[in-house]
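Okay, so here's the structure we're looking at.
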Amino acid sequence: MPPNPRTGEVALSDETATGFLQISDLVRDEDCRFRLHSSLYVDQDIFDLELERIFGHSWIFVAHDRMIPDPGNYLTTTLGKQPIIVSRDENGKVHVLFNRCAHRGSVVCREERGHANAFRCPYHGWVFGNDGHLIGASQRNGYPDDFLDWGLKLEPVPLVESYRGLIFANLDPDAHSLSERLNTARRYIDLWCERSPVGLLSFSEGIHRYEFPANWKLQAENGVDGYHGNYVHESFVNILERSGERKLGDTTKTRNTLGSRNFAKGLPMGDGLLEREDGMLGTFDYRGHGDYCQKLEEAYGPERADDIMMQRNIFIFPNLFLFESHIRVIHPVTVNRSYIDVHPTYLEGAGDQLNSERLSEHERFFGPSGFGAPDDIEIFVCTQSGAAATNNPWLEFSRGMHREIRNDLGETIGHSTDETPQRSLYREWLKKMATGQPPRGKHA
Ligand code: FES
Ligand SMILES: [Fe+2]
């Protein structure tokens with residue numbers, strides 16, 4: 000049954016067996032206790048509503064400026080589930096276009112990335128410039144003389160803005176500006192960019208993609224989950240111990256000690272981060288590279304350089320992660336299928352040697368056959384499977400809620416193993432889902 004378009008009610012069987020819950024009942028945010036209803040992972044109607052109310056009205060990351068550095072470069076991706084092309088025209092301007100032919104609707108570009116001044120539709124051969132305008136149609140005499148004045152084109156996504164090279168698009172033409180949206184997160188985006196001594200990242204290392212049969216939010220939760228490392232990644236911790244790279248006690252100390260510089264932070268608007276002085280599993284040892292540290296200190300000063308060196312996994316609601324070594328983008332497919340694009344970064348100005356070692360470390364943990372990412376994916380599937388058991392549908396996200404504090408920037412700060420960022424994510428989820436307009440068209 001679809002959600003009621005007036006009330007947002009969805010048909011669910013909850014523990015009270017009423018048969019109906021309001022969207023606002025799906026997240027229970029109480030004193031020291033935070034719970035989530037399992038239907039958020041399994042209910043197709045909720046998923047459809049997420050596409051409308053979250054992906055249809057939020058600033059969604061679509062590409063980094065340096066992924067399409069030259070005129071004529073393009074890549075294809077999705078905005079929610081809608082296919083788009085991100086292209087750079089001959090004047091250097093970036094366009095975000097729906098990848099849908101103005102004739103009868105085929106995608107016009109089937110490549111993941113490349114260089115093209117124009118896109119030729121595979122169905123009947125209409126041709127569009129890389130800024131979206133219609134250049135011409137095959138067998139042109141089938142249309143009247145004023146055909147090119149009909150305004151046919153690859154339609155642009157309503158809003159496009161960027162910050163520090165991160166390009167975001169918004170399907171809602173009335174959305175607030177990106178700068179208002181990013182707000183507190185900008186400080187952390189800046190620190191992330193400044194891992195490069197010249198403040199520039201590039202993406203010459205390619206991408207890898209993984210798909211899994213589980214809900215997209217499981218990845219959103221997990222990337223800022225500092226609680227699971229000792230357990231899900233136990234085999235990797237043991238390998239580090241056996242190879243002499245890191246003592247088991249040092250790893251667990253980070254996770255168990257209060258009062259050190261190890262935080263989980265919930266930011267306004269659903270963002271959050273995990274922040275550790277001595278790093279996360281799978282992160283490169285920058286402090287062991289004196290030349291690099293010196294370059295950072297010269298560029299930014301010792302205090303700022305120290306802040307930059309803190310290891311962070313930053314989540315920008317709803318689909319973007321800035322990990323220390325890569326950008327990670329979440330793509331929802333269905334309620335129980337998602338895929339992730341991982342774009343390793345190259346730190347301009349840090350030298351090829353450091354970048355090469357850093358990429359190896361990235362591959363060792365996050366790569367397709369790495370020690371870390373495949374274990375996380377297994378857990379996403381475990382959680383998706385577990386959600387089918389409905390006797391008690393409530394999930395606990397309460398860890399550390401009793402001990403977190405709020406600072407004057409509006410950040411909520413917990414220990415690095417606390418579920419503070421996840422609570423921030425789901426508060427924003429609820430805000431968008433419960434106050435959104437009824438789905439356009441579908442249930443009118
Ligand atoms: S659908 Fe594109 S040319 Fe016909
Ligand atoms: Fe993990």
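Residues in the sequence shown are numbered consecutively from 0, following numbering that gives the first Met the number 0. Heads up, the beta-carbon is just placed ideally off N, CA and C, and yes, glycines get one too. All values reported here derive from a predicted model rather than from experimental measurement.
Determine whether the beta carbon atoms of residue i and residue j lie at a separation below 8 Å.
i, j, result
"Pro82", "Thr75", "yes"
"Leu239", "Gly371", "no"
"Arg180", "Lys431", "no"
"Val95", "Ala174", "no"
"Val334", "Phe46", "yes"
"Val156", "Ile166", "no"
"Glu410", "Tyr299", "no"
"Val332", "Asn318", "no"
"Lys152", "Leu177", "no"
"Gly164", "Arg245", "no"
"Leu346", "Ser195", "yes"
"Asp270", "Phe316", "yes"
"Ile313", "Tyr187", "yes"
"Thr183", "Leu408", "yes"
"Val341", "His227", "no"
"Gly55", "Gly79", "yes"
Near residue i, what residues of its chain come up, given a Cβ to Cβ distance below 6 Å and the 5 sequence neighbours on each side ignored?
i, result
"Ala263", "Gly225, Leu273, Gly413, Ser415, Asp417, Thr419 and Pro420"
"Val106", "Pro82 and Asn98"
"Tyr209", "Ile339"
"Glu360", "Phe283"
"Ser12", "At Ser12, the pLDDT of 45 sits below 50, so the modelled position is not reliable and the matter cannot be decided from this model."
"Trp58", "Phe167, Asn169, Leu177 and Arg180"
"Cys120", "Cys100, Ser105 and Val107"
Could you tell me the distance, in whole angstroms, from the CA atom of residue i to the CA atom of residue j?
i, j, result
"Phe449", "Val26", "There is simply no residue 449 to check, as the chain begins at 0 and stops at 443 in what is shown."
"Ser203", "Gly348", "14 Å"
"Val85", "Tyr73", "5 Å"
"Thr457", "Leu424", "Because residue 457 is not part of the residues shown, which for the chain are 0 to 443, the question remains open."
"Leu199", "Leu190", "12 Å"
"Gly205", "Glu29", "44 Å"
"Thr296", "Asp306", "The amino acid occupying residue 296 in the given sequence is Glu; Thr does not appear at that position. Distance between the alpha carbons of Glu296 and Asp306: 11 Å."
"Glu302", "Cys292", "12 Å"
"Asp24", "His36", "8 Å"
"Ser324", "Arg426", "28 Å"
"Gly366", "Asp374", "11 Å"
"Glu89", "Ser38", "47 Å"
"Ala115", "Gly128", "9 Å"
"Tyr162", "Arg185", "8 Å"
"Arg405", "Pro267", "11 Å"
"Lys216", "Gly113", "30 Å"
"Gln43", "Leu20", "15 Å"
"Gly287", "Asn391", "48 Å"
"Glu220", "Pro172", "29 Å"
"Ser234", "Ile378", "14 Å"
"Gly278", "Ala304", "15 Å"
"Gly440", "Leu429", "Note that Gly440 scores a pLDDT of 37, beneath 50, so its modelled location is shaky; the value from the coordinates is reported in the next line. Their Cα atoms are separated by approximately 22 Å."
"Ser201", "Cys100", "31 Å"
"Asp290", "Val197", "14 Å"
Near residue i, what residues of its chain come up, given a Cβ to Cβ distance below 8 Å and the 5 sequence neighbours on each side ignored?
i, result
"Ala136", "His102, His123, Gly124, Trp125, Val126, Tyr142 and Phe146"
"Arg260", "Glu274, Arg275, Glu276 and Met309"
"Val380", "Phe211, Pro212 and Ala213"
"Lys92", "Asp130"
"Cys31", "Ser397, Met400 and His401"
"Val41", "Asn214, Val334, Asn335, Gln383, Ala386 and Ala387"
"Arg422", "Asp28, Phe33, Gly265, Phe396, Met400 and Thr411"
"Glu111", "Leu74 and Thr75"
Does the beta-carbon of residue i, which I'm using as the reference point, lie nearer than 7 Å to any heavy atom of ligand 3?
i, result
"His325", "This structure lacks ligand 3; its bound ligands are ligand 1 and ligand 2."
For the alpha helix (DSSP H) that residue i lies in, which residues bound it at each end?
i, result
"Ser178", "Leu177 to Leu181"
"Tyr73", "Where Tyr73 is concerned, there is no enclosing alpha helix (DSSP H), although the beta strand (DSSP E) it sits in stretches over Asn72 to Leu78."
"Phe364", "Asp351 to Phe365"
"Pro343", "Premise fails: Pro343 lies in the beta strand (DSSP E), Arg336 to Pro343, not in any alpha helix (DSSP H)."
"Ile378", "Ala372 to Gly385"
"Tyr425", "Thr419 to Thr434"
I'd like the list of long-range same chain contacts for residue i, defined as Cβ closer than 7 Å, with 5 residues on each side in sequence excluded.
i, result
"Glu395", "Arg34"
"Gly369", "Glu362 and Arg363"
"Glu403", "Thr411, Ile412, Gly413, Asp417 and Thr419"
"Leu358", "Glu204 and Pro343"
"Asn354", "Tyr345 and Leu346"
"Gly222", "Asn312, Phe314, Phe320 and Arg327"
"Val61", "Thr76, Leu78, Ile83, Val85, Val95, Ile166, Phe167 and Ala168"
"Asp351", "none"
Can you give me the start and stop residues for the beta strand (DSSP E) that residue i sits inside?
i, result
"Ile238", "First-last for Ile238: Glu233 to Arg241, but that is the alpha helix (DSSP H), not the beta strand (DSSP E)."
"Glu220", "Glu220 -> not in any beta strand (DSSP E); alpha helix (DSSP H) instead, spanning Trp215 to Asn221."
"Leu394", "Trp393 to Glu395"
"Val93", "Val93 to Phe97"
"Ile83", "Gln81 to Arg87"
If you scan the segment 17–66 from start to end, which runs of the alpha helix (DSSP H) of 4 or more residues do you find wholly inside it?
38–41 and 43–52, all fully within the segment 17–66.
Segments assigned alpha helix (DSSP H), at least 4 residues, entirely inside the segment 119–197:
Runs of the alpha helix (DSSP H) inside the segment 119–197: 177–181 and 184–192.
Mind listing, in chain order, the continuous beta strand (DSSP E) runs of no fewer than 3 residues lying wholly within the segment 285–335?
Runs of the beta strand (DSSP E) lying entirely within the segment 285–335, each at least 3 residues long, are 310–315, 319–321 and 325–333 in chain order.
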